[in-house]
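Residue numbers (this note's numbering): 28 to 471. Backbone N, C-alpha and C fix where the C-beta goes; we use that ideal spot for every residue, glycine too. Just so we're clear, the structure is a prediction, and the values are computed from it rather than from any experiment.
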Amino acid sequence: MEEIIVESLTLKELFDKQQTLVIPEYQRPYVWTPKEINKLLVQFKLHQERTDEKPLFYLGSIVLHKKDNTLEIIDGQQRLTTIQILSLIKSKYDFGIKYSHPISLKNIKSNHCHFSSNNFELIDLKNINITIVIVENEDLAYSFFETLNTGGKRLSGTDILKAHHLRSITRIAERNKYAYNWEEQQGNLEAVNKLLAKARRIDYLKPKKVRESIPDKFASAENWKNILTEDFAEKVGKEKLDIGYSLVEIEDNTHRIVSDKYSIRQPLNEGKNYINYLMSFSNLYSAIFETKNKEDFYSKFNNKMIDQIDGTVDLRSFYQLCLLCFVDVFGRTNLLEFSLWLFRHIFSLRLNEQSRIYEPTVRNYIDNTKIIERIFHAYNYHEIITYLKEFKTPEIKINGSQVKQRFFNKCCDFFSLNNPSEANFDENLKVKIEEIVRNHKDEI
28 MEEIIVESLT
38 LKELFDKQQT
48 LVIPEYQRPY
58 VWTPKEINKL
68 LVQFKLHQER
78 TDEKPLFYLG
88 SIVLHKKDNT
98 LEIIDGQQRL
108 TTIQILSLIK
118 SKYDFGIKYS
128 HPISLKNIKS
138 NHCHFSSNNF
148 ELIDLKNINI
158 TIVIVENEDL
168 AYSFFETLNT
178 GGKRLSGTDI
188 LKAHHLRSIT
198 RIAERNKYAY
208 NWEEQQGNLE
218 AVNKLLAKAR
228 RIDYLKPKKV
238 RESIPDKFAS
248 AENWKNILTE
258 DFAEKVGKEK
268 LDIGYSLVEI
278 EDNTHRIVSD
288 KYSIRQPLNE
298 GKNYINYLMS
308 FSNLYSAIFE
318 TKNKEDFYSK
328 FNNKMIDQID
338 GTVDLRSFYQ
348 LCLLCFVDVF
358 GRTNLLEFSL
368 WLFRHIFSLR
378 LNEQSRIYEP
388 TVRNYIDNTK
398 IIERIFHAYN
408 YHEIITYLKE
418 FKTPEIKING
428 SQVKQRFFNK
438 CCDFFSLNNP
448 SEANFDENLK
458 VKIEEIVRNH
468 KDEI
């Protein structure tokens, strides 16, 4: 039985202990803002103003992993760092916690500057009660990390995945390298994880309840956290092999790898395999969706049509999902051609007889056309392009809708359609797409 020490004490008693508090590499950075800090100060002030026989102010549980002569903070970094900032402003206590993460240092400095000019009441450490849980086994410490999210900003599913996979990398230098790479791409990892989870669950070989379990845009952060940790922590393999799968074309004795190393729906192992898989798709995501400062035609199309169309957020979401799946299978060589035909396929819903486009409508459309499965099961990109060219789009019915008319006009302007009408719009669009592909065949 692994030893677990549970102790109730004051913050002052914790910091009087002769053990150094450190923050492990897999922890997310310090992210509290003045909003969370003010909330804590208000709670403490209300507690102090009570006139009854009150207990000490309870700050929650702090989970620590005992490692050699140090105590790693597993849960409680945000609260402890905040108390340290406030104490330093009042020139009272330096807890000796060391920080190296640039985001942590930036936020600590920002909060220190903000509250240095505020007249707040010092929180006396002798009046703050905490429960500390000290464990010696790292796996046990991590199980607490997963389940105990007290205080202000709760951990996202991606935060938990970071801890889960970094801890399985045993070599410290290697773990630090992966932690640094993770933080370098932190900005889009949650969005990428969600797209990957959707693509893995929209699989017609899986039970219907799995396909229908994908959270919609109104889903809570907790719902998404459960999905991501289930798919990318609980269901990954325990082997340490970093394996990828990709499409290979063979002609005579020549082998040509068509796509990148990793495949969206491939089986995964914990640690380096999952992290490399995620970083690979994060790089793809940046290359094909973050195009604001690029001048090629694909970027112009993405910036002016995909990112700017009003009332089509659900169409855009599934467009991005399909585009990522295509690049996963066939690489970026024919990205422009596919994106234009995919636009015609998915965004044609904006002009059909329905006055509004809701997420269930788009999901049903994706299910009925099987576009994602067609991408994954195509042997070459010509198969999927041929399908998209021959696809009969829904009949256009603007019916006086201002939103539809704006979209219609925007398409006509961007693609320079000649004498457009509801009757000839789709044929004109197909002609223009063919023309654009011919004129920009050297672009991705």
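#1: Does residue 191 get closer than 9 Å to chain B when you measure Cβ to Cβ?
#2: Just mark residue 448 as buried or exposed, buried being the case when its beta carbon has 16 or more other beta carbons within 10 Å.
#3: Sorted by chain position, which residues of the same chain lie with C-beta nearer than 6 Å to residue 311's C-beta, five sequence neighbours on each side aside?
#4: Excluding the 5 residues preceding and the 5 following residue 439 in the sequence, name in chain order all residues of the same chain whose CB lies nearer than 7 Å to its CB.
#5: Could you work out which residue in 377, 326, 315 is closest to residue 347 when comparing CA atoms only?
#6: Could you say which of 469, 421, 417 lies nearest to residue 450 if we only look at CA atoms?
#7: Tell me which residues share the same chain as residue 89 and place their Cβ nearer than 8 Å to its Cβ, disregarding the 5 neighbours each side in the sequence.
#8: When the Cβ atoms of the segment 457-470 are set against those of the segment 358-370, are three or more pairs found closer than 8 Å?
#9: Whole angstroms is fine: what's the gap from residue 223's alpha carbon to residue 192's?
#10: Give every residue of the same chain whose Cβ lies closer than 8 Å to the Cβ of residue 177, excluding the five residues on either side of it in the sequence, and list them in chain order.
#11: Please say whether residue 98 and residue 136 have beta carbons closer to each other than 9 Å?
#12: Nearest by alpha-carbon distance to residue 330: which of 125, 302, 366 is it?
#13: Just to confirm the assignment, what range does the alpha helix (DSSP H) spanning residue 254 have?
#14: Taking 8 Å as the threshold, find out whether the segment 208-215 comes into contact with the segment 268-288 through three or more Cβ pairs.
#15: Mind the definition here: the segment 258-268 touches the segment 384-403 only if three or more C-beta pairs lie below 8 Å; say whether that holds.
#16: According to DSSP, simplified to helix, strand and coil, what is residue 102?
#17: Using DSSP's beta-bridge definition, name the partner residues of residue 192.
#18: Verify whether the separation of the beta carbon atoms of residue 226 and residue 292 is less than 9 Å.
#19: Provide the residue(s) that pair with residue 211 in DSSP beta bridges, ordered along the chain.
#20: Pick from 155, 257, 60: whose alpha carbon is nearest that of residue 37?
#21: Does residue 248 pass the burial test, meaning 16 or more other C-beta atoms within 10 Å, or should it be called exposed?
#22: Leaving aside the five residues before and after residue 51 along the sequence, list all residues of the same chain whose C-beta is less than 6 Å from its C-beta, in chain order.
#23: When you compare only the Cα positions, how much space is there between residue 179 and residue 63?
This is what the structure gives:
#1: The displayed structure is made up of one protein chain only, and chain B is not part of it.
#2: Taking the sequence shown and counting its residues from 1, the one referred to as residue 448 is at position 421. With fewer than 16 Cβ atoms within 10 Å of its Cβ, residue 448 is classed as exposed.
#3: Counted from its first residue, the sequence shown places residue 311 at position 284. The residues 354, in chain order, have a CB closer than 6 Å to that of residue 311 in the same chain once the five nearest residues on each side in sequence are set aside.
#4: One-based indexing of the sequence shown puts residue 439 at position 412. Within the same chain, 447 come within 7 Å of residue 439 by CB-CB distance, once the 5 residues on both sides are set aside.
#5: As a first step, residue 347 is located in the sequence shown; it is residue number 320 there, counting from the start. Minimum Cα distance to residue 347 is reached at 315.
#6: Here residue 450 is taken as the residue at index 423 of the sequence shown, counted from 1. It is 421.
#7: As a working mapping, residue 89 is identified with position 62 in the sequence shown. For residue 89, where only same-chain residues beyond five positions count, the Cβ hits under 8 Å are 41, 100, 102, 103, 106, 107, 157, 158, 159, 160.
#8: Using a Cβ-Cβ distance cut-off of 8 Å, the segment 457-470 and the segment 358-370 are in contact, since at least three pairs of beta carbons, one from each stretch, lie closer than that value.
#9: Position 196 of the sequence shown holds residue 223. Position 165 of the sequence shown holds residue 192. So the two alpha carbons sit approximately 17 Å from each other.
#10: Along the sequence shown, one-based indexing puts residue 177 at 150. Legend: pLDDT at residue 177 = 42, less than 50; position of this residue unreliable, value from coordinates given subsequently. Counting only Cβ-Cβ distances below 8 Å, and skipping sequence neighbours, we find 87, 88, 102, 103, 106.
#11: For the purposes of this step, residue 136 is taken as the residue at position 109 of the sequence shown. For the purposes of this step, residue 98 is taken as the residue at position 71 of the sequence shown. No, the pair does not count as a contact, with Cβ atoms beyond the cut-off.
#12: Your numbering for residue 330 matches position 303 in the sequence shown. For the residues 125, 302, 366, the minimum Cα distance to residue 330 belongs to 366.
#13: Stepping through the sequence shown from its first residue, residue 254 is reached at position 227. Per DSSP, residue 254 belongs to the alpha helix (DSSP H) from 248-256.
#14: Contact fails: fewer than three Cβ-Cβ distances are below 8 Å.
#15: Touching, no.
#16: On the sequence shown, position 75 is the one that residue 102 refers to. The three-state reading of DSSP puts residue 102 in strand, counting E and B together.
#17: Residue 192 sits at position 165 when you count from the first residue of the sequence shown. Its beta-bridge partners do not exist; DSSP assigns none.
#18: For this step, residue 226 is matched to residue 199 along the sequence shown. For this step, residue 292 is matched to residue 265 along the sequence shown. The answer is yes: Cβ separation under 9 Å.
#19: Residue 211 sits at position 184 when you count from the first residue of the sequence shown. Residue 211 is not bridged to any residue.
#20: Within the sequence shown, residue 37 is the residue found at index 10, counting from 1. Nearest option by C-alpha distance: 155.
#21: Here the question's residue 248 lines up with position 221 in the sequence shown. Within 10 angstroms of the beta-carbon of residue 248 lie fewer than 16 other beta-carbons, which makes it exposed.
#22: Residue mapping note: residue 51 aligns to position 24 of the sequence shown, counting from 1. Beyond the five residues adjoining it in sequence on each side, residue 51 comes within less than 6 Å, by CB distance, of 99 in the same chain, given in chain order.
#23: Against the sequence shown, residue 179 aligns to sequence position 152. Against the sequence shown, residue 63 aligns to sequence position 36. Below a pLDDT of 50, predicted positions are generally treated as unreliable, and residue 179, at 48, falls in that range; no measurement from the model is reported.
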